[in-house]
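Trainee: Quick note: the sequence shown uses this note's numbering, first residue 1, plus one each step.
The C-beta atom is built at its ideal place from N, Cα and C for all residues, glycine as well.
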Amino acid sequence: MTVEWRAAEYVFPGHPDKLCDAIADAVVQEVGRREPRGLCGVEVAVHRDHVYVTGQVAGAGVGEIDVDGMVRDVYRSAGYDETWRPAAEDLVVEVNLCCRDFEDGEDFFRGVADDQTISTGYAVDLPGTNFLPPEHWLAWELSRRVSVLAVDCPELSLGPDGKLIVLTGQENDETWLERLSVSVQQDETGDDIVLQRAVHEVLEKALDGFVAAIPGFRRTLPSEVCVNGAGNFATGGPEGDNGLSGKKLVVDAYGPRVPIGGGAWSGKDFYKADRAGGVFSRRIARAVVLAGAACECTVTLVFLPGDEQARVVSIRDQDGRLLDAQRWGGLFDLSLEGSGDRYTGACDLVEVARLGHFTDQSRPWEELGFDLQPRVTANRESEVLVMS
Numbered sequence: 001m002t003v004e005w006r007a008a009e010y011v012f013p014g015h016p017d018k019l020c021d022a023i024a025d026a027v028v029q030e031v032g033r034r035e036p037r038g039l040c041g042v043e044v045a046v047h048r049d050h051v052y053v054t055g056q057v058a059g060a061g062v063g064e065i066d067v068d069g070m071v072r073d074v075y076r077s078a079g080y081d082e083t084w085r086p087a088a089e090d091l092v093v094e095v096n097l098c099c100r101d102f103e104d105g106e107d108f109f110r111g112v113a114d115d116q117t118i119s120t121g122y123a124v125d126l127p128g129t130n131f132l133p134p135e136h137w138l139a140w141e142l143s144r145r146v147s148v149l150a151v152d153c154p155e156l157s158l159g160p161d162g163k164l165i166v167l168t169g170q171e172n173d174e175t176w177l178e179r180l181s182v183s184v185q186q187d188e189t190g191d192d193i194v195l196q197r198a199v200h201e202v203l204e205k206a207l208d209g210f211v212a213a214i215p216g217f218r219r220t221l222p223s224e225v226c227v228n229g230a231g232n233f234a235t236g237g238p239e240g241d242n243g244l245s246g247k248k249l250v251v252d253a254y255g256p257r258v259p260i261g262g263g264a265w266s267g268k269d270f271y272k273a274d275r276a277g278g279v280f281s282r283r284i285a286r287a288v289v290l291a292g293a294a295c296e297c298t299v300t301l302v303f304l305p306g307d308e309q310a311r312v313v314s315i316r317d318q319d320g321r322l323l324d325a326q327r328w329g330g331l332f333d334l335s336l337e338g339s340g341d342r343y344t345g346a347c348d349l350v351e352v353a354r355l356g357h358f359t360d361q362s363r364p365w366e367e368l369g370f371d372l373q374p375r376v377t378a379n380r381e382s383e384v385l386v387m388s
């Protein structure tokens with residue numbers, strides 16, 4: 001049988017693009033705290049010691065938000081200080097936001113789409129990976145473990161920036177990690193050999209968890225583990241590359257095996273069609289898989305300008321077979337009003353931006369809110385009993 005190869009990447013919280021996403025979602029979070037129906041459409045760019053925050057926010061009290069302070073807090077918590085530049089205190093923050101109160105009656109129309117979007121949701125029958133593609137989950141898990149070395153092992157002289165990429169193989173019922181490449185910021189005085197050993201130790205400790213999470217996972221080290229393959233990586237973060245919010249859509253979602261659908265999520269409130277659509281399509285896909293109607297499920301839905309509810313375009317299983325869109329979509333409230341009411345202020349959006357939108361099963365949108373009792377038929381699509 002031919003080996004099926006899959007690749008996926010993840011980036012550290014100190015990566016320039018992820019700094020931007022975290023800043024954008026910090027603004028969304030603060031707008032929602034002050035005005036639960038607040039409007040937020042924010043984009044962020046960083047380059048060297050400059051940070052540019054642009055877009056629009058609306059609602060009671062949003063003009064009083066200390067965006068400058070939030071930017072510095074995000075940098076500081078990501079690890080940027082006097083050792084790793086740019087230090088939070090040295091930033092030049094340019095804020096060009098349209099900040100305003102709602103016009104009369106404007107908040108009433110938050111449940112009406114002011115833009116269009118195509119959204120894709122996905123789930124696979126792997127509870128151990130939180131129903132994410134295994135290669136994507138492996139990249140996330142290893143990224144999370146390696147990134148904390150900067151704090152846990154100060155003797156390594158690691159900075160906040162980094163990324164990694166995994167290559168997995170699958171044949172018959174076996175999955176394995178074939179190659180791992182890690183790029184992690186390290187001071188020129190740091191010992192790269194000790195860093196290599198530390199990454200190998202992280203990998204060794206993670207293998208048992210991989211075996212438990214992914215049925216048929218082979219507990220073997222990759223044939224190739226490369227650390228800083230392009231050479232010294234002392235200059236990183238915004239000093240080494242510019243960053244933009246919304247650039248890591250594939251990382252935010254499901255990895256490269258799944259189409260990304262529409263626009264970015266970070267920087268937008270939960271009444272916005274892009275963000276609500278991403279959540280809704282994921283919830284439907286999870287329900288289909290949890291009910292036993294498919295081993296894998298891909299959901300496509302759209303919002304048109306003026307829509308109050310998402311329109312489910314298609315629901316497909318692992319073989320591309322269409323499932324009943326009306327039936328499955330009907331299990332959920334797919335309204336913008338419902339999205340904004342349920343998810344505004346429901347979790348820490350800075351952590352969501354940094355660590356993934358679907359990687360944590362405790363995220364409020366990952367909880368279906370009802371129990372699925374499947375009665376699976378011969379063709380797998382279930383008679384689903386919704387138990388309150």
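(1) Look at the alpha carbon of Phe210 and the alpha carbon of Ala8, and state the distance between them as a whole number of angstroms.
(2) What is the DSSP secondary structure of Ile260, counted as helix, strand or coil?
(3) Nearest to Gly105 by CA position, among Asp269, Gly38 and Leu126, is which residue?
(4) Give the range of the beta strand (DSSP E) segment to which Cys20 is assigned.
(5) For the beta strand (DSSP E) holding Phe303, just list the boundary residues, first then last.
(6) I need the DSSP call for Asp52, collapsed to helix, strand or coil.
(7) Using 8 Å for Cβ pairs, my map puts Leu322 next to Arg311. What's the rounded Cβ distance?
(8) Give a yes or no on whether the C-beta atoms belonging to Gly190 and Gly14 are separated by under 9 Å.
(9) State the start and end residues of the unbroken alpha helix (DSSP H) segment that holds Gly69.
(10) Could you give the DSSP three-state label for Ser339: helix, strand or coil?
(11) If you draw a straight line from the alpha carbon of Arg375 to that of Pro134, how long is it in whole angstroms?
(12) For Arg6, which residues in the same chain have their Cβ closer than 6 Å to its Cβ, ignoring the five residues on either side in sequence?
(13) If you run the structure through DSSP and keep just helix, strand and coil, what is Glu366?
(14) Please list the terminal residues of the continuous alpha helix (DSSP H) segment that includes Gln186.
(15) By the DSSP assignment, the beta strand (DSSP E) with Ile193 in it spans what residues?
Mentor: In terms of the structure at hand:
(1) Counting from one through the sequence shown, the residue named residue 210 turns up at place 210. Counting from one through the sequence shown, the residue named residue 8 turns up at place 8. As the crow flies, the alpha-carbon of Phe210 is around 15 Å from that of Ala8.
(2) By one-based count along the sequence shown, residue 260 stands at place 260. The three-state reading of DSSP puts Ile260 in coil, since its state is none of H, G, I, E or B.
(3) For this step, residue 105 is matched to residue 105 along the sequence shown. Ranking the options by Cα distance to Gly105, first place goes to Gly38.
(4) In the sequence shown, residue 20 corresponds to position 20, counting from 1. Cys20 -> not in any beta strand (DSSP E); alpha helix (DSSP H) instead, spanning Pro16 to Arg34.
(5) For this step, residue 303 is matched to residue 303 along the sequence shown. Boundaries of the beta strand (DSSP E) around Phe303: Glu296 to Phe303.
(6) On the sequence shown, position 52 is the one that residue 52 refers to. The sequence shown places Tyr at residue 52, rather than the Asp named in the question. Reduced to three states, the DSSP call for Tyr52 is strand.
(7) Walking along the sequence shown from the start, residue 322 turns up at place 322. Walking along the sequence shown from the start, residue 311 turns up at place 311. Contact check for Leu322 and Arg311: beta-carbon distance about 15 Å, past the 8 Å limit, so the pair fails to qualify.
(8) On the sequence shown, residue 190 is found 190 positions in, with the first residue counted as 1. On the sequence shown, residue 14 is found 14 positions in, with the first residue counted as 1. Contact flag unset, no.
(9) By 1-based counting over the sequence shown, the position of residue 69 is 69. Residues Val67 to Ala78.
(10) Taking the first residue of the sequence shown as 1, we reach residue 339 at position 339. Note: Ser339 maps to helix in three-state DSSP.
(11) Indexing the sequence shown from 1 puts residue 375 at position 375. Indexing the sequence shown from 1 puts residue 134 at position 134. Unreliable placement is indicated for Arg375, whose pLDDT of 49 sits below 50; no coordinate value is reported for it.
(12) The sequence position of residue 6 within the sequence shown is 6, counting from 1. The residues are Glu135 and Thr168.
(13) In the sequence shown, the residue the question calls residue 366 occupies position 366. Helix, per DSSP.
(14) Counting from one through the sequence shown, the residue named residue 186 turns up at place 186. Run containing Gln186: none in the alpha helix (DSSP H); it sits in the beta strand (DSSP E), Glu174 to Gln186.
(15) What you label residue 193 is simply residue 193 of the sequence shown in a count that begins at 1. That residue, Ile193, is in no beta strand (DSSP E); its alpha helix (DSSP H) goes Asp192 to Ala213.
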